[in-house]
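Numbering (our numbering), first residue to last: 135 to 211. Using N, Cα and C, we set each Cβ at its ideal position, and we do this for glycine too.
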């Protein structure tokens, strides 16, 4: 059995965010500030990398603005 699905169409704001994140990760990889790994979450976290994510507003994305979040959608998260 074959299932055929239509391509997902993201809202413009989500596409913009996606592009920003991809550029950020490409820059991080090129500068060797981030090395991906499949089980890195088991050994703690990379505080400087997390700080850079926070600087872009990508932590607490779905939290209410009253608590320092950005009230973004679960899709954006």
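Sorted by chain position, which residues of the same chain lie with C-beta nearer than 7 angstroms to residue i's C-beta, five sequence neighbours on each side aside?
i, result
"residue 210", "148, 151 and 195"
"residue 187", "193"
For residue i, which three-state DSSP category applies?
i, result
"residue 179", "coil"
"residue 155", "helix"
"residue 209", "coil"
"residue 167", "coil"
"residue 173", "coil"
Give me the Cβ distance between residue i and residue j, rounded to the nearest whole Å; I'm assuming they're in contact under 8 angstroms.
i, j, result
"residue 168", "residue 190", "Rounded, the Cβ-Cβ distance is 13 angstroms, inconsistent with contact."
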